[in-house]
Amino acid sequence: MEKIDVLEMLRESENMYVIYSISTNMPYVHCDAETYDDEILLFPEEEDAKKQVEKMLKDNIPVRLVNVEKEHRLNFFTGLFGMGVNAMIICVNENEVFRAQLDDLVVRPDEKDLPEDEPRIENPQLHLTALYFVQELRKNPNERTEELEALNEEMLAHFQEGRYLVAAQEDKQIPVLKRNDGKVYQPIFTDLMEFAKFDKERRFRALIMDADTITKQLAEEIDGVAINPLGVNVLLDISRQPVEE
């Protein structure tokens, strides 16, 4: 097959199977050692995808198989931009494997062409680092490796640079999440798709806040923020920052 035919197949085939991380509830992301592309794995055939899942489970990588049907495909591929994914490995069969850039398949309008009242809120660097962090953490949950420490520091740095969506009720109250250990976290969202997962009943409105604003408005009883609680669900312990007079 030619690459153009493979891309057309991704758009039009009735089924497309994606390897998902059980740990993040998101597509499993792999960094290519040579190109440094951040890639996901796609399969047109279910049996080939199942073989890959079995292999990864044997390697202690908790994954599952998801079929992205045709009517949901555009949203799926568009959502990869917000995750920081830039490439795809398409396993047509055991003998044919193609690599393609995400923007070979999906073209988005330039951010400067968007309406001023509809800014694009995305944090791909933070989201991607969080995905790698959780994927690595869940493989060996009792071991805090140097790689995990480095990813954690990178997440904190990216958090400080970002703008996020915060859920608010009509009375301006902000929902919180309470863990079994008693700790309380405020949910924040890296992009609109993650916010929509949380607000399926449309009970909240989305406020745009940068990291500095979030830390200054945290209630005293809050222990930190939960990034994308229905996705990667990373908890950052962050104290409230004093507001300058």
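In terms of this note's numbering, the sequence shown opens at residue 210 and continues consecutively.
Virtual Cβ for every residue (Gly too), placed ideally from N, Cα, C.
Along the chain, where does the alpha helix (DSSP H) that runs through residue i open and close?
i, result
"residue 402", "401-407"
"residue 378", "Unbroken run through residue 378: none, as it is neither H nor E."
"residue 368", "355-370"
"residue 321", "No alpha helix (DSSP H) holds residue 321; DSSP gives it neither H nor E."
Just the C-alpha distance for residue i and residue j, rounded to the nearest angstrom, thanks.
i, j, result
"residue 330", "residue 428", "24 angstroms"
"residue 297", "residue 378", "38 angstroms"
"residue 362", "residue 279", "38 angstroms"
"residue 281", "residue 372", "27 angstroms"
"residue 223", "residue 327", "33 angstroms"
"residue 217", "residue 353", "43 angstroms"
"residue 431", "residue 366", "20 angstroms"
"residue 264", "residue 272", "10 angstroms"
"residue 453", "residue 300", "Any answer about residue 453 is weak, because its pLDDT of 49 lies below 50 and its placement is not dependable; what the coordinates show is given next. Near 55 angstroms, if we compare the C-alpha coordinates of residue 300 and residue 453."
"residue 424", "residue 356", "27 angstroms"
"residue 418", "residue 374", "6 angstroms"
"residue 436", "residue 256", "34 angstroms"
"residue 323", "residue 253", "34 angstroms"
"residue 227", "residue 360", "25 angstroms"
"residue 316", "residue 302", "27 angstroms"
"residue 220", "residue 212", "13 angstroms"
"residue 242", "residue 445", "29 angstroms"
Name the DSSP bridge partner or partners of residue i?
i, result
"residue 220", "DSSP output for residue 220 lists no bridge partner at all."
"residue 423", "According to DSSP, which records beta bridges pairwise, residue 423 is partnered with nothing at all."
"residue 250", "298"
"residue 441", "Answer is none; residue 441 lacks a bridge partner."
"residue 415", "376"
"residue 276", "226"
"residue 305", "302"
"residue 435", "396 and 444"
"residue 387", "393"
"residue 236", "229"
Helix, strand or coil for residue i, going by three-state DSSP, please let me know.
i, result
"residue 347", "helix"
"residue 282", "helix"
"residue 430", "coil"
"residue 242", "coil"
"residue 341", "helix"
"residue 215", "helix"
"residue 335", "helix"
"residue 451", "Residue confidence for residue 451 is low, a pLDDT of 49 falling below 50, so the modelled location carries little weight and cannot support an answer."
"residue 310", "strand"
"residue 261", "helix"
"residue 410", "coil"
"residue 255", "helix"
Does any residue of chain C bring its CB to less than 8 angstroms from the CB of residue i?
i, result
"residue 393", "Absence of chain C from the displayed structure is noted, only one protein chain being present."
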